[in-house]
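J.: Structure below; questions to follow.
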Amino acid sequence: DVKVTQSSRYLVKRTGEKVFLECVQDMDHENMFWYRQDPGLGLRLIYFSYDVKMKEKGDIPEGYSVSREKKERFSLILESASTNQTSMYLCASSLGGFSNQPQHFGDGTRLSIL
Amino acid sequence: KNEVEQSPQNLTAQEGEFITINCSYSVGISALHWLQQHPGGGIVSLFMLSSGKKKHGRLIATINIQEKHSSLHITASHPRDSAVYICAVFHQGAQKLVFGQGTRLTINP
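The listed protein sequences correspond, in order, to chains U and W. Residues in the first sequence are numbered from 22 upward in steps of one, following our numbering. Residues in the second sequence are numbered from 28 upward in steps of one, following our numbering.
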């Protein structure tokens, strides 16, 4: 079974801090994704990566950056955290070729910015 | 208007009832996914389909490409089926998954 592991289930940070969310997958998947999930809005794509050192903006990239230095690891960075970034963050991975591959999700990180 | 609409948003039923959750979409797609999210957050992929019908245990998913509609059915529902069910479509033009807002299902014993 594919395992997607997010480094923290719950995280509390302060406004202005630089925040790192880490995601690791163990199935040699080419594609990795970061989503945020908010009540009434569903999942929205922040960034995705289809290869090492490659990244593409999703629908809501403002205030975020990502890093993919190794194939198995995809990091989401909040450069200067703000209260409107309080949310559930979900990482996912899939094999190459987006349309016909299921995405495998981590358990999520519930991030609170105070 | 959202590109993927689910109904109902919330559904409460008694154990043993037959459950139907609907998903309508307005864009061209190459695949449709049904996902399950339990309290605590983790999301599990239930089905991926591009035509017809798929069955796994008590769960059945159908899709009608012409009508741009899919349904997820649960037979003999059980309290452990309580979760949020999410429909997602792979948007052919945008080449990305687009998610519905989810249906919160509660099955009472």
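Note that CB positions come from ideal geometry on N, CA and C, so glycine has one too. Because the structure is a prediction, the values reported are computed rather than measured.
1) Counting only beta-carbon separations shorter than 8 Å, does M109(U) have a partner in chain W?
2) Quick one: give me the first and last residue of the beta strand (DSSP E) that L38(W) is part of.
3) Could you tell me which whole beta strand (DSSP E) segments of length 3 or greater appear in the segment 28-111 of chain U?
4) Return yes when the Cβ of Q46(U) is within less than 8 Å of the Cβ of V25(U), no when it is not.
5) Name the DSSP beta bridge partners of G129(W), please?
6) Is K123(W) close to chain U, meaning its C-beta is less than 8 Å from at least one C-beta of that chain?
7) Find the residues of chain W that neighbour F41(U), judging by a C-beta separation of less than 9 Å, and give them in chain order.
8) For a contact meaning CB atoms closer than 7 Å, what does L64(U) contact in chain W?
9) Using a C-beta cutoff of 8 Å, does P82(U) count as contacting chain W?
10) Nearest CA to the CA of E51(U): which residue from R89(U), E38(U), P60(U), G61(U)?
11) Since G44(W) is in the beta strand (DSSP E), which residue starts that stretch and which ends it?
12) Evaluate contact between the segment 102-114 of chain W and the segment 33-46 of chain U, counting only Cβ atoms and requiring at least three cross-stretch pairs below 8 Å.
13) Identify the residues that DSSP records as bridge partners of S34(W): which are they?
14) On the CB-based measure, 16 or more other CB atoms within 10 Å of its CB, does A121(W) come out buried or exposed?
15) Using 10 angstroms around the beta-carbon of H118(W), count the other beta-carbons present and answer buried if the total reaches 16, otherwise exposed.
16) When DSSP labels each residue in this structure, what does R16(U) get in the three-state scheme?
17) By how many angstroms is the C-alpha of L135(U) removed from the C-alpha of Q124(U)?
T.: Let's see:
1) yes
2) 37-41
3) 31-34, 40-46, 52-59, 63-70, 85-91, 94-99
4) yes
5) Assignment of beta-bridge partners to G129(W) by DSSP yields no partner.
6) Among the CB atoms of chain U, one or more fall inside 8 Å of the CB of K123(W).
7) The premise fails here: F41(U) is roughly 19 Å from chain W at the closest Cβ pair, so nothing lies under 9 Å.
8) F126
9) no
10) R89(U)
11) First, the residue type needs correcting, since residue 44(W) is Glu and not Gly in the sequence shown. Counting along the chain, E44(W) falls outside any beta strand (DSSP E), and DSSP gives it neither H nor E.
12) Touching, no.
13) N49(W)
14) exposed
15) Buried, because 16 or more other Cβ atoms sit within 10 Å of the Cβ of H118(W).
16) Beyond the ends of chain U as shown, which are 22 and 135, falls residue 16(U); an answer cannot be given.
17) 31 Å
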